[in-house]
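Input: a single structure, listed below in structure tokens.
Protein chains in written order, with the numbering used here: chain Z, 698 to 992; chain R, 17 to 304.
Dropping the structure here:
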């Protein structure tokens, strides 16, 4: 048993060791400039990861903007508003979203979401919100917006299930107390429930962010895969995970390979920090309480 | 008299409207979240069932541009790779979980628990790179490397659920076994683990369902193959890889097969989970 537990530790150490040792070449060649340069030219062996970092951050941010209100809304509805009999089935259906493989999300996004975006949604957004500069350019469908939407669908089950758990550990007396003061149901939810669960909900959001940052297949299939930094969300982009998926097996030359592994290392470190932060926040709320989703 | 009617003054119109509006907003979010679920499953059924035929299930892929052929080798390859992953991942995961539940109430246990959580959050593509770096460099792509990469992803999920399930077993049962003079290891295996079997298996199924559709860790490990392969040391086709490749191709017939493949993948996952559940319920572990 101890050996199995040690194996968990060993595997993580091995991951860290491999990533660090194999990215050394690129680290020595480019240093910190690697993360500040936006030149990605495998032919002349000049590598800068900025467009990928930008793409990862922006697509995850778009996903959060869409997913957070929806997930919190669903969680509030299931715990506070919906009749008891529907609670179980409703959370089951939302969590079913988590069971769909990433590649199937990508397939669906390519053939259903992208055409919908390019013919209906993007022309409409361009007309009404084009002045913001975020929704300009040709509505190809493929691009940052499509990636953000598909990521949002993928992280909704994570954020909403954690939010639900956190809401369930808010003591019942708190709700009754606020209601007894004459609050309406919404006021009770806002003052008595959501305000108490803030830290935990934030934890759930960050956990969702961690998933979005590392998500590979679905994003790669719809983001357009072009290492450019554009303000418009209609424009194609590239993420850290998708450049790995596309170029890793074709990388020729040690520097190229090393640069890609360094991107992998950066992605690894960022997701670890993000996940650790999220765990701490969720723990601080549910600690000592049996946070069972079925309660 | 007058005073009492004032203290129970009715809730103002603005507050009542806000209440109703927010209830409506919450309902709307439920609809907006369930819509993609219905859309994805509906479209998957519609395109998937219509695209499956006998050739798809029995033949290997045709050369580029030719219509026809199937994913038989990828279906079998996926089962092969998942089998390797389970053979490695399940014992390690359950073992680590047992350790955490029975012997892990100390600093070392907390460290392992934290490590498992971190490992759970590592992006699958990074696992793929490490799998490549350890097992593929110098040896070539192989089903074994793919299986190991997926096993690494299984372990944290299995160990954490196993721990949770074992902790649910009442201490009194362990004490009763000790009282009969049964050694600790025997108690853990025959009493604690046995009582928690159905929960542990649910955790295993959760981990299995999660890795069955994984594509990213297989890109640089199992790599894919357009022919049959039965050797663990050779590049092997896998259903998610094949779906990815076909989806990105410009051919309509390959798109059709990508949908068929997705449908088969979902059916494979659901069947595996259901079969396991059934086996557990029928088995001698009536405690479930």
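From the three backbone atoms N, C-alpha and C, an ideal C-beta is built for every residue, glycine too.
Point to revise | Contact set between residue 799 of chain Z and chain R, taken where Cβ atoms lie within less than 9 Å | key: Listed along the chain, the chain R residues whose CB falls inside 9 Å of the CB of residue 799 of chain Z are 140, 229, 230, 231, 232 and 256.
Point to revise | CA nearest to the CA of residue 759 of chain Z, picked from Z:849, Z:701, Z:703 and Z:824 | key: Closest by C-alpha distance to residue 759 of chain Z, out of Z:849, Z:701, Z:703 and Z:824, is Z:849.
Exercise for review: Kindly list, in the order they appear in chain Z, the residues whose Cβ is closer than 7 Å to that of residue 115 of chain R.
Suggested key: Going along chain Z in sequence order, the residues near residue 115 of chain R (Cβ under 7 Å) are 698, 699, 701 and 702.
Review point. Which residues of chain Z have a Cβ atom closer than 7 Å to the Cβ of residue 119 of chain R, listed in chain order?
Key: Neighbourhood of residue 119 of chain R in chain Z, by CB distance below 7 Å: 698, in chain order.
Point to revise | Sequence ranges, beta strand (DSSP E) only - wholly within the region 900-955 of chain Z, length at least 3 | key: None, since the region 900-955 of chain Z contains no complete beta strand (DSSP E) of that length.
Review point. Buried or exposed: where does residue 278 of chain R fall if 16 or more other Cβ atoms within 10 Å of its Cβ makes it buried?
Key: Classification for residue 278 of chain R: buried.
Exercise for review: Quick one: residues in its chain with C-beta nearer than 6 Å to the C-beta of residue 820 of chain Z, no 5 flanking neighbours on either side, listed in chain order?
Suggested key: In its chain, beyond the 5 residues on either side, 836 have a beta carbon closer than 6 Å to the beta carbon of residue 820 of chain Z.
Point to revise | Cβ-Cβ distance between residue 802 of chain Z and residue 915 of chain Z below 8 Å | key: Their beta carbons are under 8 Å apart, which means residue 802 of chain Z touches residue 915 of chain Z by this criterion.
Check your understanding: DSSP three-state call for residue 39 of chain R: helix, strand or coil?
Key -> Residue 39 of chain R sits in a helix when the DSSP states are folded into three classes.
Exercise for review: Below 7 Å CB to CB, which residues in the same chain sit around residue 763 of chain Z once its five sequence neighbours on both sides are set aside?
Suggested key: Taken in chain order, the residues that qualify are 845, 846 and 849.
Review point. Are the region 969-983 of chain Z and the region 944-953 of chain Z touching, with three or more C-beta to C-beta distances below 8 Å?
Key: Verdict: no, contact absent.
Review point. Mapping DSSP to helix, strand and coil, what is residue 730 of chain Z?
Key: If DSSP states are grouped into helix, strand and coil, residue 730 of chain Z belongs with the helices.
Exercise for review: Inspect the CB distances between the region 122-131 of chain R and the region 62-72 of chain R and report whether three or more fall short of 8 Å.
Suggested key: Segments in contact, no.
Check your understanding: When the Cα atoms are used, what is the spatial distance from residue 907 of chain Z to residue 137 of chain R?
Key -> Cα to Cα, the separation comes out at about 7 Å.
Check your understanding: Is any beta-carbon of chain Z found at less than 8 Å from that of residue 268 of chain R?
Key -> No - not a single Cβ of chain Z is within 8 Å of the one on residue 268 of chain R.
Check your understanding: Mind checking whether the beta-carbon of residue 195 of chain R lies closer than 7 Å to any heavy atom of the ligand FMN?
Key -> Ligands displayed in this structure: none; no statement on the ligand FMN is therefore possible.
Practice item. Could you tell me which of R:199, R:242 and R:235 sits nearest to residue 149 of chain R, measuring between CA atoms? Key: The shortest Cα separation from residue 149 of chain R among R:199, R:242 and R:235 belongs to R:235.
Review point. With distances taken between CB atoms, is the gap from residue 100 of chain R to residue 248 of chain R smaller than 8 Å?
Key: Contact: yes.
Practice item. Identify, in the order they occur along the chain, each residue of the same chain with its Cβ nearer than 8 Å to the Cβ of residue 305 of chain R, setting aside the five sequence neighbours on each side. Key: Since the first residue of chain R shown is 17 and the last is 304, residue 305 of chain R is not available in this structure.
**Study point:** Simplified DSSP state of residue 249 of chain R, which is helix, strand or coil
**Key:** Coil, per DSSP.
**Study point:** Local Cβ density within 10 Å of residue 767 of chain Z, reported as buried at 16 or more and exposed below that
**Key:** With a threshold of 16 other beta carbon atoms within 10 Å, residue 767 of chain Z meets it and is buried.
Check your understanding: Looking only at its own chain, which residues have a Cβ that is under 7 Å from the Cβ of residue 852 of chain Z, when we skip the five neighbours before and after it?
Key -> Within the same chain, residue 852 of chain Z has close Cβ partners 760, 764, 905, 908 and 909.
Check your understanding: How long is the line joining the alpha carbons of residue 54 of chain R and residue 43 of chain R, rounded to whole angstroms?
Key -> Cα-Cα distance, rounded: 16 Å.
Review point. If the cut is a Cβ gap below 8 Å, which residues of chain R does residue 766 of chain Z touch?
Key: Within chain R, the residues whose beta carbon sits less than 8 Å from that of residue 766 of chain Z are 45, listed in sequence order.
Point to revise | Proximity winner among Z:942, Z:959, Z:864 and Z:886, relative to residue 874 of chain Z (alpha-carbon distances) | key: If you compare the alpha carbons of Z:942, Z:959, Z:864 and Z:886 with that of residue 874 of chain Z, the shortest gap goes to Z:886.
Exercise for review: Could you round the C-beta distance between residue 86 of chain R and residue 74 of chain R to whole angstroms and report it? I think they count as a contact, below 8 Å.
Suggested key: Indeed, because the Cβ distance is near 6 Å, the residues count as touching under 8 Å.
Check your understanding: Taking Cβ positions only, does residue 19 of chain R come closer than 8 Å to chain Z?
Key -> Residue placement at residue 19 of chain R cannot be trusted, given a pLDDT of 48 that sits under 50; the coordinates are not used to answer.
**Study point:** residue 935 of chain Z, buried or exposed, once every other Cβ within 10 Å from all chains shown has been counted against 16
**Key:** The residue is buried, with at least 16 neighbouring Cβ atoms inside 10 Å.
**Study point:** Close beta carbons around residue 772 of chain Z, own chain, < 7 Å, minus the five adjacent residues each side
**Key:** Excluding sequence neighbours, residue 772 of chain Z sits near 857, 860, 861 and 864.
Check your understanding: If you count every other CB in all the chains shown that lies within 10 Å of the CB of residue 725 of chain Z, and 16 or more means buried, which is it?
Key -> By the Cβ neighbour-count rule, residue 725 of chain Z is exposed, with fewer than 16 other Cβ atoms within 10 Å of its own.
Check your understanding: How close, in whole Å, do the beta carbons of residue 238 of chain R and residue 285 of chain R come, if the pair is a contact with beta carbons under 8 Å?
Key -> Actually they are not in contact, since the Cβ atoms of residue 238 of chain R and residue 285 of chain R sit about 18 Å apart, beyond 8 Å.
Practice item. Could you please tell me which residues of the region 939-955 of chain Z, in chain order, have their CB closer than 9 Å to any CB of chain R? Key: So the close ones are 939, 941, 942, 945 and 946.
Exercise for review: With 7 Å as the C-beta to C-beta threshold (strictly closer), list the residues of the region 844-856 of chain Z near chain R in chain order.
Suggested key: For the region 844-856 of chain Z, which is checked against every Cβ of chain R, the residues closer than 7 Å are 850 and 853.
**Study point:** Contact set for residue 276 of chain R: own chain, Cβ-Cβ below 7 Å, skip 5 residues either direction
**Key:** These residues qualify, in order along the chain: 64, 67, 68 and 72.
Review point. Curious, which full-length alpha helix (DSSP H) runs of at least 4 residues does the region 88-175 of chain R contain?
Key: Runs found: 88-119, 123-137 and 140-147.
Check your understanding: Per DSSP, residue 85 of chain R forms a beta bridge with which residues?
Key -> Paired residues: R:77.
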